[in-house]
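A.B. asks: Here it is, the structure in full.
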Amino acid sequence: MNDQWHRFNYMAIEDNMQKRMPTMRDRNKSQPLDYPEAVLLTNAGDPQFRGEVDDKYQYSIENKDNKVHGWISVDSDSPVSFWMITPSNEFRNGGPNKLDLTSHTDPITLNMFVSTHYAGQEVVMSFKEGETYKKVFGPAFVYLNSAKTKDDSLSLWSDAVDQLISFFHLRYINGGRLQDANNAYVGLALPGDAGSWQRESKGYQFWTRTDRKGHFKIENIIPGVYNLYAWVSGFIGDYKYNTTILITQG
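full-length UniProt numbering puts the sequence shown at residues 1 to 250.
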C-alpha cells in the first residue's frame with residue numbers, strides 16, 4: 001500500500017457512523033480472533049485504537065441506507081476525500097433490509113451489487129442452461145472533493161451528501177417534456193418474451209413505424225392471438241406490452 005493512502009484516516013458511512021480508523025499495518029500487528037475479518041488491535045501505532053476490535057462487518061448497513069460512504073484525509077493541511085455514491089438500491093439483491101459491506105480499514109471502499117453476506121446460499125444467483133438475463137447494476141459514481149483547511153475537513157461529508165441528493169434528482173424526469181418515440185418499430189407477433197419475435201418462424205408478424213409523435217397504426221391483421229412488441233433503433237432493449245391481444249374478424 002502506498003504511504004499516501006494512509007493519509008485517509010477518517011471513515012464516514014452515515015451521519016452517526018463516522019470515526020478515525022486504524023491502518024492495515026495496525027491490523028497486521030494485531031491478535032487474530034475467531035474469524036479472519038476480526039482482529040484485536042494490540043499494537044496499533046495510535047494508542048487510541050489499542051484494545052479495540054476491527055472487523056469490516058462492523059460497518060455494514062442496510063441496502064436502503066447504503067447511499068454514500070468513503071474516506072477523508074482529516075489530518076492533512078488541505079484535506080481531500082473520496083466517496084462511493086449510489087442514489088438508489090433497486091438493483092441490489094435481498095431487498096431493502098439486507099445488510100451489506102460499505103467501507104473498511106485499508107482504506108477500502110466497496111460498492112456491493114450482489115452478495116451472499118448475512119443471507120447465505122438462498123440469495124445466490126443461479127441460471128438455467130440457456131436462460132437469458134439482463135440487469136443494470138447502478139448507477140453509481142466515485143466523487144472526489146477537497147477542503148482548503150484542516151478545520152473544514154468534516155464539511156467534505158456534507159458536500160458528498162449534497163452530491164447524492166443532486167444525483168438522485170438527475171436520475172428521474174421531474175419536469176420538462178418527454179421525448180416522443182419517433183420512428184420506433186412496433187409490431188404484432190405470436191405471444192412470447194420480449195424480443196422473441198426475432199426467433200419466431202411459425203406465425204405472422206405485422207410491423208409498422210411510429211410517426212414523429214410516437215403514434216402508430218397497424219392494418220390488415222390476420223385474426224389470431226398476439227403480443228405487441230416494440231424497439232427503437234439506437235436504444236438497448238426490447239419492449240413488450242404484457243397484455244395478450246386478440247384480433248377477431250370484421
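For every residue, glycine included, the Cβ atom is placed at its ideal position computed from N, Cα and C.
#1: Just tell me which of Pro-22, Glu-90, Phe-235 and Ala-194 has its CA closest to the CA of Asn-242.
#2: If we count the other Cβ atoms within 10 Å of its Cβ and call it buried at 16 or more, is Pro-47 buried or exposed?
#3: The beta strand (DSSP E) with Met-84 in it runs from where to where?
#4: Near Ile-247, which residues of its chain fall below 7 Å by C-beta distance, leaving aside the five closest residues on each side in sequence?
#5: Straight-line CA distance for Ala-184 to Val-68?
#6: Note down the Cα distance separating Gly-70 from Lys-134, rounded to an integer number of angstroms.
#7: On a CA-only basis, which of Gly-192, Val-186 and Pro-32 is nearest Trp-207? Give me that one, please.
#8: Report the residue from Gln-31, Val-80 and Asp-15 whose alpha carbon sits nearest the alpha carbon of Asp-151.
#9: Three-state secondary structure (DSSP) at Met-17?
#10: Does Lys-45 pass the burial test, meaning 16 or more other C-beta atoms within 10 Å, or should it be called exposed?
#11: What is the DSSP secondary structure of Pro-107, counted as helix, strand or coil?
#12: Jot down the residue ranges of each uninterrupted alpha helix (DSSP H) in the stretch 189–213, minimum 4 residues, whole runs only, in chain order.
#13: Below 8 Å on the Cβ atoms is my guess for Met-84 versus Thr-109; work out the distance and round it to an integer in Å.
#14: Could you say which of Asp-75, Ile-61, Ala-230 and Ile-72 lies nearest to Gly-94 if we only look at CA atoms?
#15: Using the C-alpha atoms, what's the distance from Ser-88 back to residue 254?
C.D. replies: If we stick to the structure as given:
#1: Position 242 of the sequence shown holds residue 242. With distances taken between Cα atoms, Asn-242 lies closest to Ala-194.
#2: Here residue 47 is taken as the residue at index 47 of the sequence shown, counted from 1. Exposed.
#3: Looking up residue 84 in the sequence shown gives position 84. Per DSSP, Met-84 belongs to the beta strand (DSSP E) from 80–85.
#4: The residue labelled residue 247 in the question sits at position 247 within the sequence shown. Counting only Cβ-Cβ distances below 7 Å, and skipping sequence neighbours, we find Ile-221, Pro-223, Gly-224 and Tyr-226.
#5: If you number the sequence shown from 1, residue 184 lands on position 184. If you number the sequence shown from 1, residue 68 lands on position 68. Across the structure, Ala-184 and Val-68 are spaced so that their CA atoms are roughly 38 Å apart.
#6: Counting from 1 along the sequence shown, the entry for residue 70 is found at position 70. Counting from 1 along the sequence shown, the entry for residue 134 is found at position 134. The straight-line gap from Cα to Cα measures roughly 29 Å.
#7: Within the sequence shown, numbered from 1, the residue matching residue 207 stands at position 207. The candidate whose alpha carbon is nearest that of Trp-207 is Val-186.
#8: Your numbering for residue 151 matches position 151 in the sequence shown. Checked all of Gln-31, Val-80 and Asp-15; the closest Cα to Asp-151 is Val-80.
#9: Along the sequence shown, read from residue 1 onward, the residue named residue 17 stands at position 17. Under the three-state reduction of DSSP, Met-17 is assigned to strand.
#10: Walking along the sequence shown from the start, residue 45 turns up at place 45. Note on identity: in this sequence residue 45 is Gly, with Lys being the wrong assignment. By the 10 Å Cβ count, Gly-45 comes out exposed.
#11: Position 107 of the sequence shown, counted from the start, is the residue given in the question as residue 107. Pro-107 falls in the coil class under three-state DSSP.
#12: Complete alpha helix (DSSP H) runs here, min 4: none at all.
#13: In the sequence shown, counting from the first residue as 1, residue 84 sits at position 84. In the sequence shown, counting from the first residue as 1, residue 109 sits at position 109. About 5 Å separates the beta carbon of Met-84 from that of Thr-109, a gap short enough to meet the 8 Å contact definition.
#14: In the sequence shown, residue 94 corresponds to position 94, counting from 1. Of Asp-75, Ile-61, Ala-230 and Ile-72, the residue nearest in Cα terms is Ile-61.
#15: The structure shown does not extend to residue 254, since the chain is modelled only from 1 to 250, so the question has no answer here.
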